[in-house]
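As structure tokens, the structure follows; a few thoughts come after it.
Residue numbers (this note's numbering), protein chains in the order written: chain C, 445 to 1038; chain P, 67 to 311.
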């Protein structure tokens, strides 16, 4: 119906268009002189019809399935078309990291948005570190480098302190009222709390999320022979490890005792240790929280978080134990030491020389039994048919499950890391461009496109998508991803929080110090002692550059015993680990529903 | 004698492309190294004819930091700075791999990469970068531009040097030339071969000054603070405007 109407209007326009159909002066056609109002109306109607056609094209050819009906999608996209009119022909520039979800946005959604609204979007994709550098450069210089950034919510501590990031709740209520999608439905976003500051303001809008989970070869763990062998050797069932003691036993079992399966050398652990920036996020993406370093509290421990940073109200006051922090606490040392021990004892020997990207290809080779630290963003690549880790029917031989906890972990603590790449807008961006970019951001997470985008990148942000029938059908082929996101697990796997006052500055220390422990130049204790001191020193610099009521202020040093004797973090030495414990897969999933 | 004196004077000017600033504080001159990168860094030892040289000169003047600038090949400039105290190199990318090797003053340059055709070619249209995938794109060996496009699936034809690409464009050996916008315009003018408006400015690059780790952190902090002030006050834009006009 709409298409026919569009053709009808097109014919009317063409029939009356003097530029197209006027003949030469000797021709039989008589020029038709229109008033400018008629021309404007006709052009406007034509353009709207063109946009209508574009809307229907994109809905029917790209944006199905969706959790909303075609009619509802049409209403949403009509809204975008109308709201974007003041910004037509504007070119805006945004930037994000390089994952499948963002390539989809850059290649497909930007094109759709242009067809529907007339706003051209240059959506650059680059490394996450480059995104952060560019955001910082815009803040430092005031230059309008980009109109929006998709930036991890790990920087929330910087964002709410800097005064340079648009408070989206205020923006939507005032300047952006006319360009805020009525059906945006913030309550539908599972990670919206990650992007709120301690002041209650919303600083970012989630665009994609993925979690760091435990990965294992379910087929090997369910093999009767291997199960019997494990039970004989260790006295308990081979299953999903619930603690690090069990993880370590399983790692030893496959690396030292099983050694080969079907003629292939196998390993009970995989990791990486190259002295490279990627070693940083190996540890900071909540390794210490898994070990049990910080305090209880969600989304992040309070007053001491999983980076070992203590805050008083919102002020970071120290990372070293001497100042009440936990970065060089017994729990932190234990966590780093376990990372080192397993890397040296149970991972392939090449692992120490691998960085994150290089290590990522190992799981698909089919010779790794388990990996305690694994991003669910790689679900799609590991679920590809035709690899050694996928069955002929397309179901994976592997599963993901809740991460096993270290000796210092307690109920009420976060359980692991979740990445939340989120739309971030800087106050230095001119308002017109800000509004146009806000329209694009909302388009990229709207219910019209979000399920399709989730199916491409497997990085869901909406509750409605996660609980859709489509994902129910796909679940058997996704190794537990849907089960995780349908559980309460996403509340316990959380990004870096607001205790970290300057993520960019402090994150560099992780790989620089832990790298020296990997090489043996420092012990784990020395590395963490020096890193804690570097953190404390940095707090002074940060407070100079980012003054404010929540800027760091070092608390005086006290004896470590003073702090270790107090309840909470930093926690005193645990001399005896809990006995190893495993659970069958389905029982292990229940941990996500606590 | 006079001829010899002139020769030696010219040689010194060539080797040290700028004078040391006198200051009441008598700071030791900072050794700056760079590499030919027109129009940003002059290629013929002409003093302060490159855009970034102008930025740096103003920056140093503002903080009363004496300096000496010398040019050498890119890789040597980077290695020299890593190994030589009191030395900084510019303009280089602050990559994650390099980050811990230097102290940084950034950004000294914000620029864009774009796709160009010859001026008279029928325009190749595209709404997004991927629309240009079917076309042959020219870049030059060692260029991060080419590597970036290859990572997105482009087939990139590499020339030995960037200025050969405008010739390849006219020879129809490539359909599009991927280059820094200012560099492309400079080469186009030099070769007197006109190029189109950018078909798409597809990527943004930042460049920085990287200083040896032994350079005083106070000096680095002072330069960084002043650089930020120059941006916010509009001085950088003013220099750029005058340079291009």
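In this text, a Cβ means the ideal position worked out from N, Cα and C, and glycines have one as well.
- Of the residues C:774, C:529, C:709, C:549, the one whose Cα lies closest to the Cα of residue 1019 of chain C is C:774.
- When the beta-carbon positions are compared, residue 952 of chain C and residue 602 of chain C stay at least 8 Å from each other.
- Taking 8 Å as the CB threshold, residue 177 of chain P stays off the interface with chain C.
- Residue pairing from DSSP places residue 153 of chain P in a beta bridge opposite P:97.
- Residue environment analysis places residue 505 of chain C among the exposed positions, since fewer than 16 neighbouring C-beta atoms fall within 10 angstroms of its C-beta.
- Looking at the DSSP output, residue 136 of chain P bridges to P:99.
- Listed along chain P are 176, 297, each with a C-beta nearer than 7 Å to that of residue 587 of chain C.
- Nearest CB-CB separation between residue 157 of chain P and chain C: not below the 8 Å threshold.
- Taking a Cβ-Cβ threshold of 7 Å, none of the residues of chain P is close to residue 506 of chain C; the smallest such distance is about 14 Å.
- Using a Cβ-Cβ distance cut-off of 8 Å, the segment 859–870 of chain C and the segment 775–794 of chain C are not in contact, since fewer than three pairs of beta carbons, one from each stretch, lie closer than that value.
- Listed along chain P, the residues sitting closer than 7 Å to residue 558 of chain C by beta-carbon distance are 193.
- Contact between residue 849 of chain C and residue 734 of chain C holds, since their C-beta atoms are separated by about 6 Å, short of 8 Å.
- Assigned with DSSP and collapsed to three states, residue 246 of chain P falls in strand.
- Distances from the alpha-carbon of residue 892 of chain C to those of C:825, C:502, C:495, C:493 put C:502 closest.
- Annotation: residue 263 of chain P to residue 232 of chain P spans about 14 Å, alpha carbon to alpha carbon.
- CA-CA distance, residue 537 of chain C to residue 592 of chain C, rounds to 7 Å.
- With its beta carbon less than 8 Å from one in chain P, residue 571 of chain C belongs to the interface.
- Close to residue 568 of chain C, with beta-carbon spacing below 9 Å, are these residues of chain P in chain order: 195, 268, 269, 270.
- Per DSSP, residue 595 of chain C is not a residue of any alpha helix (DSSP H); the beta strand (DSSP E) it occupies stretches across 592–596.
- Counted as a single uninterrupted DSSP element, the beta strand (DSSP E) harbouring residue 864 of chain C occupies residues 860–868.
- The C-alpha of residue 908 of chain C lies about 53 Å from the C-alpha of residue 117 of chain P.
- Unbroken alpha helix (DSSP H) stretches of 4 residues or longer found wholly inside the segment 812–881 of chain C: 823–826, given in chain order.
- Within the same chain, and ignoring the five residues on either side of residue 1021 of chain C in sequence, the residues whose Cβ sits closer than 8 Å to its Cβ are 687, 688, 689, 851.
- Counting only runs of 3 or more residues that sit fully inside the segment 211–241 of chain P, the beta strand (DSSP E) segments are 222–225, in chain order.
- The residue among C:862, C:925, C:978, C:653 with its C-alpha nearest the C-alpha of residue 845 of chain C is C:925.
- Apart from the 5 residues on each side of it in sequence, residue 534 of chain C sits with its Cβ closer than 6 Å to the Cβ of 563, 880 in its chain, given in chain order.
- Interface annotation, residue 166 of chain P: in contact with chain C, CB-CB separation under 8 Å.
- Per DSSP, the beta bridge partners of residue 762 of chain C are C:754.
- Under the three-state reduction of DSSP output, residue 1014 of chain C falls in the coil class, being neither helix nor strand.
- Against chain P, a Cβ distance below 9 Å from residue 956 of chain C picks out 166.
- At least one CB atom of chain C sits nearer than 8 Å to the CB of residue 160 of chain P.
- Under the three-state reduction of DSSP, residue 567 of chain C is assigned to strand.
- Within chain P, no C-beta atom comes less than 8 Å from the C-beta of residue 595 of chain C; the nearest is roughly 15 Å away.
- When the Cα atoms are used, residue 829 of chain C and residue 839 of chain C turn out to be separated by approximately 8 Å.
- Counting along the chain, residue 654 of chain C sits inside the beta strand (DSSP E) bounded by residues 649–661.
- The beta carbons of residue 769 of chain C and residue 754 of chain C sit closer together than 8 Å.
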